[in-house]
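**Student:** Below is the structure I would like to discuss, written out as structure tokens.
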Amino acid sequence: SPTKAPVIERLYDDKRYGPLDLVPVASDVPNELVLYLAEHADEYTGVVVKRTSVRVYPYGKLAAHIVGYVGQISQEKLAEVNKAGAADALGKTYQRESSIGKGGIESAAELDLRGRPSDRTIQVDAAGNYLSTVKESKPIAGDDVWLSIDINLQAQAETMLAAQLDAIRGTVNKEGKVRRAPQGSAVIVDPQNGQVLAMASYPTYDPSQLVNGIDSQLWARLNDKASGQPLFNWALQGTYAPGSTFKLFTATAAMDTGFFPAAGADYYDNGKYTISNCKGGRDGGCVKQNAGAQGTGQVNLSRAITVSSDTYFYRIGDLMWQQRGAYGETAIQDAAAKYGIGSRTGINLAGEAGGRLPTPAKMKELHNDPATAKYFPRGTWTAGDNVNMSIGQGDVLVTPLQLADAYATFANGGTRYVPQMISKVTRPKDLGADPHDPDNFTVVRTPDKTVSGTVTYVGDSYQQILTGLEGVTQSGGGTAHAPYQANKPAWPMAGKTGTAQVQGKEDTSVFVAFGPTGTPAFPPSYAIAVIIPEAGFGADASAPVAFSIMSPTSRGQLPVTISPGDQKRADALAAKAAGATTTTAAAAAPATPTGPATTTTAAGQ
52 SPTKAPVIER LYDDKRYGPL DLVPVASDVP NELVLYLAEH ADEYTGVVVK
102 RTSVRVYPYG KLAAHIVGYV GQISQEKLAE VNKAGAADAL GKTYQRESSI
152 GKGGIESAAE LDLRGRPSDR TIQVDAAGNY LSTVKESKPI AGDDVWLSID
202 INLQAQAETM LAAQLDAIRG TVNKEGKVRR APQGSAVIVD PQNGQVLAMA
252 SYPTYDPSQL VNGIDSQLWA RLNDKASGQP LFNWALQGTY APGSTFKLFT
302 ATAAMDTGFF PAAGADYYDN GKYTISNCKG GRDGGCVKQN AGAQGTGQVN
352 LSRAITVSSD TYFYRIGDLM WQQRGAYGET AIQDAAAKYG IGSRTGINLA
402 GEAGGRLPTP AKMKELHNDP ATAKYFPRGT WTAGDNVNMS IGQGDVLVTP
452 LQLADAYATF ANGGTRYVPQ MISKVTRPKD LGADPHDPDN FTVVRTPDKT
502 VSGTVTYVGD SYQQILTGLE GVTQSGGGTA HAPYQANKPA WPMAGKTGTA
552 QVQGKEDTSV FVAFGPTGTP AFPPSYAIAV IIPEAGFGAD ASAPVAFSIM
602 SPTSRGQLPV TISPGDQKRA DALAAKAAGA TTTTAAAAAP ATPTGPATTT
652 TAAGQ
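Heads up, the sequence shown is in the working numbering, so the first residue is 52 and it goes up one at a time.
Here it is as structure tokens:
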């Protein structure tokens, strides 16, 4: 539709444009208009038709939160990048009308993706009015960024997550609480190097809607809490109580500090636990219990993890606090911190939340701060706080990415890697040729895997914990045995369910798993975390999502996701090979892990 005069007047008054800048008044104009303006240039002095790059997202909504989006640079950002000088040093300057990455990899890899703009020399009259363009240099394309994402795995994660949320929304549990499931997320990382293989956040959005600007109504809808805030990356920015998935860290603390065997690793769980020297108070008073007050009988560390005995871990949290002179005030927190809980993972995406790992010192600090005092009415840490934290309740908060990274750390034996999204950056040789062709690009850089921490395990502590986590899925009494059997992967997996209580709402459903396990020739190559708030038990909502993703992955049976551009290339290759008559027999579906396919790229700007 035609651009109306009032709109043009507002554009000319926009302070982002100087007196000699070209002011865009229409985009995506038809060829007929371009030809008309060229033929009647004398009648439209000062009107210039200019070709600009247009960002295209061939996969649509798929991986939207990872890829991010671009938009016109703001006045504040323009001043910031010009002051920083990093872009200018590379010849990648910005002007008022420039596009810039505003989220995801588009933002994180902005300097890689951005090309070198052309220089324009213009002619003006004595009054400084624009007359014509004297010369304009040819722009240089930006580099290509290759992601670690397996696009087929990403599509499966997004599809299964969305289907589960749609299925459980509006249902009611036996206590009459409505499962709202306003959002959900799933993260899959490679424990051997920290590469992120998939990151799904639902609800999602279409980044192509934001390329040429966005109206206020759509912006409001994408950030509406009632709609699940589609623009928000819940896998990276959402924080939740981890529930019983935190027991990995409590178990590590008990083994690492010598609490076991000093306090005895066997315990009879009758369904309830009374906190030592307790005189009542908040958080349910002195008596804590398992879900439904159900006892699990005689348990050791492995069995307590498998059946998720709360009272077993209540005892650890209680006695470690009572004996803090021997074990320290923050023994459990120290173990959790080694896994990365309470701090950002360092992934190369903006906006990552750090979660929260409460300590006696932090509680006192928050209590004394007027801004947060009402949320922390007590400034003194008690055994009850330690007990709650031991099973991932209380004030503990994690992101799905943190949780996946933590269990990936355990899966590989204790090395915590910084999660990576970029596998390589390349520079095309011929923009008209296939950018995927190895002969058509040079590698600019390949990010190294980075170690951010280590966890050491004393004696046979690693095996005891691993046995418990394997039992969660493979033992008849395991809390995730049913969903595991319902959608069984081709190779064994270990995991942990979590069900975090939220006052006045349905529980947050949490599940973490890794595999393959028990196959020394194939170390764990996948660690997955799924979190769905207000969805019920971890085994009922999140675990089925995880196995619906990992089962076809383990068999090499993920549905193939192909973009229109990929399809065109495939058709061209098929046509080229049309004369061949070679017959091959299909190989059997692999029962061993298949490597991730780095098929998602963000094209240079």
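Cβ atoms here follow ideal geometry from the backbone N, Cα and C, with glycine treated the same way. Predicted, not measured: the structure shown is a model, and the values here were computed from it.
Could you give the DSSP three-state label for Val229: helix, strand or coil?
**Tutor:** Stepping through the sequence shown from its first residue, residue 229 is reached at position 178. Strand.
**Student:** Applying the criterion that 16 or more other CB atoms from any shown protein chain within 10 Å of the CB defines a buried residue, is Gly154 buried or exposed?
**Tutor:** Start at 1 with the first residue of the sequence shown, and residue 154 comes out as number 103. When all chains shown are included, Gly154 counts as buried.
**Student:** Please name the residue or residues paired with Asp320 in a DSSP beta bridge.
**Tutor:** As a first step, residue 320 is located in the sequence shown; it is residue number 269 there, counting from the start. The partner list for Asp320 (beta bridge, DSSP) reads Gly348.
**Student:** DSSP on Ala56, reduced to helix/strand/coil?
**Tutor:** The residue labelled residue 56 in the question sits at position 5 within the sequence shown. Ala56 falls in the helix class under three-state DSSP.
**Student:** So Val247 and Ala578 are supposed to be a Cβ contact under 8 Å. How far apart are they, rounded?
**Tutor:** Locating residue 247 in the sequence shown gives position 196, where the first residue counts as 1. Locating residue 578 in the sequence shown gives position 527, where the first residue counts as 1. Wrong, their Cβ atoms sit about 10 Å apart, outside the cutoff.
**Student:** Tell me whether the beta-carbon of Val523 lies closer than 9 Å to the beta-carbon of Gly546.
**Tutor:** Translated into the one-based positions of the sequence shown, residue 523 becomes position 472. Translated into the one-based positions of the sequence shown, residue 546 becomes position 495. For Val523 and Gly546, yes; Cβs fall inside 9 Å.
**Student:** What does the Cβ neighbour count give for Thr633, buried or exposed, with the cut at 16 atoms within 10 Å?
**Tutor:** Along the sequence shown, read from residue 1 onward, the residue named residue 633 stands at position 582. Model confidence at Thr633 stands at a pLDDT of 40, short of 50, so the residue's coordinates are unreliable and nothing is read from them.
**Student:** Taking DSSP as the reference, what is the three-state secondary structure of Ala592?
**Tutor:** For this step, residue 592 is matched to residue 541 along the sequence shown. Three-state DSSP puts Ala592 in coil, outside helix and strand.
**Student:** Going straight from the alpha carbon of Ile59 to that of Tyr256, what length do you get?
**Tutor:** Within the sequence shown, the letter at position 8 stands for residue 59. Within the sequence shown, the letter at position 205 stands for residue 256. Distance between the alpha carbons of Ile59 and Tyr256 is about 30 Å.
**Student:** Closest to Ala355 by CA distance: which of Gly391, Ser526 and Asn437 is it?
**Tutor:** Within the sequence shown, numbered from 1, the residue matching residue 355 stands at position 304. Of Gly391, Ser526 and Asn437, the residue nearest in Cα terms is Ser526.
**Student:** Three or more C-beta pairs under 8 Å: does that hold for the region 281-290 against the region 305-312?
**Tutor:** The region 281-290 is not in contact with the region 305-312.
**Student:** May I have the straight-line CA-CA distance separating Ser602 from Lys539, to the nearest angstrom?
**Tutor:** To locate residue 602, count along the sequence shown from 1; it is residue 551. To locate residue 539, count along the sequence shown from 1; it is residue 488. About 6 Å.
**Student:** Can you look up Lys186 in the DSSP assignment and give me helix, strand or coil?
**Tutor:** Position 135 of the sequence shown, counted from the start, is the residue given in the question as residue 186. Strand.
**Student:** Check whether the region 426-441 touches the region 202-217, counting contact only when three or more Cβ pairs, one atom from each stretch, lie closer than 8 Å.
**Tutor:** Contact fails: fewer than three Cβ-Cβ distances are below 8 Å.
**Student:** Looking only at DSSP bridge pairs, what is Ile151 linked to?
**Tutor:** As a first step, residue 151 must be located in the sequence shown, where it is residue number 100. Gly122, per the DSSP bridge assignment.
**Student:** Tell me the DSSP bridge mates of Met250?
**Tutor:** In the sequence shown, residue 250 corresponds to position 199, counting from 1. According to DSSP, Met250 bridges with Val238.
**Student:** What is the DSSP secondary structure of Ser394, reduced to helix, strand or coil?
**Tutor:** The sequence position of residue 394 within the sequence shown is 343, counting from 1. Reduced to three states, the DSSP call for Ser394 is coil.
**Student:** Tell me whether Leu482 sits in a helix, a strand or coil according to DSSP, three-state version.
**Tutor:** Locating residue 482 in the sequence shown gives position 431, counting from the first residue. Here Leu482 sits in coil by DSSP.
**Student:** Would you say Gln126 and Ser150 are within 9 Å of each other, going by their C-beta atoms?
**Tutor:** As a working mapping, residue 126 is identified with position 75 in the sequence shown. As a working mapping, residue 150 is identified with position 99 in the sequence shown. No, these two residues do not count as a Cβ contact at 9 Å.
**Student:** Could I get the ranges of all uninterrupted beta strand (DSSP E) runs contained in the region 539-595, with 3 residues as the minimum, in chain order?
**Tutor:** Complete beta strand (DSSP E) runs here, min 3: 545-553, 556-566 and 577-583.
**Student:** Please confirm whether Gln280 and Met250 have their CB atoms less than 9 Å apart.
**Tutor:** Locating residue 280 in the sequence shown gives position 229, where the first residue counts as 1. Locating residue 250 in the sequence shown gives position 199, where the first residue counts as 1. Cβ atoms of Gln280 and Met250: not closer than 9 Å.
**Student:** Determine contact between the region 221-234 and the region 545-563, defined as no fewer than three beta-carbon pairs at a distance below 8 Å.
**Tutor:** The answer is yes - the region 545-563 touches the region 221-234, with three or more Cβ pairs under 8 Å.
**Student:** In the DSSP output, which residue or residues are listed as bridge partners for Arg171?
**Tutor:** Within the sequence shown, residue 171 is the residue found at index 120, counting from 1. DSSP lists Glu187 as partners of Arg171.
**Student:** In angstroms, rounded to a whole number, what distance separates the CA positions of Gly315 and Ile392?
**Tutor:** In the sequence shown, counting from the first residue as 1, residue 315 sits at position 264. In the sequence shown, counting from the first residue as 1, residue 392 sits at position 341. About 27 Å.
**Student:** When you compare each of Gly119, Lys389, Thr54 and Asp195 to Val80 by their alpha carbons, which one comes out closest?
**Tutor:** Start at 1 with the first residue of the sequence shown, and residue 80 comes out as number 29. Comparing Cα positions, the closest option is Thr54.
**Student:** For Pro233, count neighbouring Cβ atoms within 10 angstroms of its own Cβ and tell me buried if that reaches 16, exposed if not.
**Tutor:** Within the sequence shown, residue 233 is the residue found at index 182, counting from 1. That one is buried.
**Student:** Please classify Gln444 as buried or exposed, where buried requires at least 16 other C-beta atoms within 10 Å of its C-beta.
**Tutor:** Position 393 of the sequence shown, counted from the start, is the residue given in the question as residue 444. Answer is buried; the Cβ neighbour count reaches 16.
**Student:** Within its chain, find whatever has a CB closer than 6 Å to the CB of Ser158; leave out the 5 residues flanking it on each side and keep chain order.
**Tutor:** One-based indexing of the sequence shown puts residue 158 at position 107. Once the five neighbours on either side are set aside, the close Cβ partners of Ser158 are Gly119, Gly152 and Ala401.
**Student:** Using DSSP's beta-bridge definition, name the partner residues of Ile473.
**Tutor:** Counting from one through the sequence shown, the residue named residue 473 turns up at place 422. DSSP output for Ile473 lists Leu198 as bridge partner(s).
**Student:** Count the other CB atoms within 10 Å of the CB of Lys339; is the residue buried (16 or more) or exposed (fewer)?
**Tutor:** One-based indexing of the sequence shown puts residue 339 at position 288. The residue in question, Lys339, is buried, as its Cβ has 16 or more Cβ neighbours within 10 Å.
**Student:** If contacts are defined as beta-carbon pairs under 8 Å, then Gln515 and Ser353 qualify, I think. What distance do you get, rounded to the angstrom?
**Tutor:** In the sequence shown, residue 515 corresponds to position 464, counting from 1. In the sequence shown, residue 353 corresponds to position 302, counting from 1. Indeed they touch by this definition, with Cβ atoms about 5 Å apart.
**Student:** Indicate the three-state DSSP secondary structure (helix, strand or coil) for Ser359 in the structure shown.
**Tutor:** Counted from its first residue, the sequence shown places residue 359 at position 308. It is coil, neither helix nor strand.
**Student:** Roughly how many angstroms lie between the CA atoms of Glu708 and Thr184, to the nearest whole one?
**Tutor:** Here the chain comprises residues numbered 52 to 656, so residue 708 is not present and cannot be evaluated.
**Student:** Does the region 445-454 come close enough to the region 406-422 that 3 or more CB-CB pairs lie under 8 Å?
**Tutor:** Yes, they touch.
**Student:** According to DSSP, simplified to helix, strand and coil, what is Pro644?
**Tutor:** The sequence position of residue 644 within the sequence shown is 593, counting from 1. The pLDDT assigned to Pro644 is 42, lower than 50, so where the model puts this residue is not dependable, and the model offers no usable value.
**Student:** Would you mind reading off the limits of the beta strand (DSSP E) that contains Arg496?
**Tutor:** By 1-based counting over the sequence shown, the position of residue 496 is 445. Here the beta strand (DSSP E) through Arg496 covers Phe492 to Arg496.
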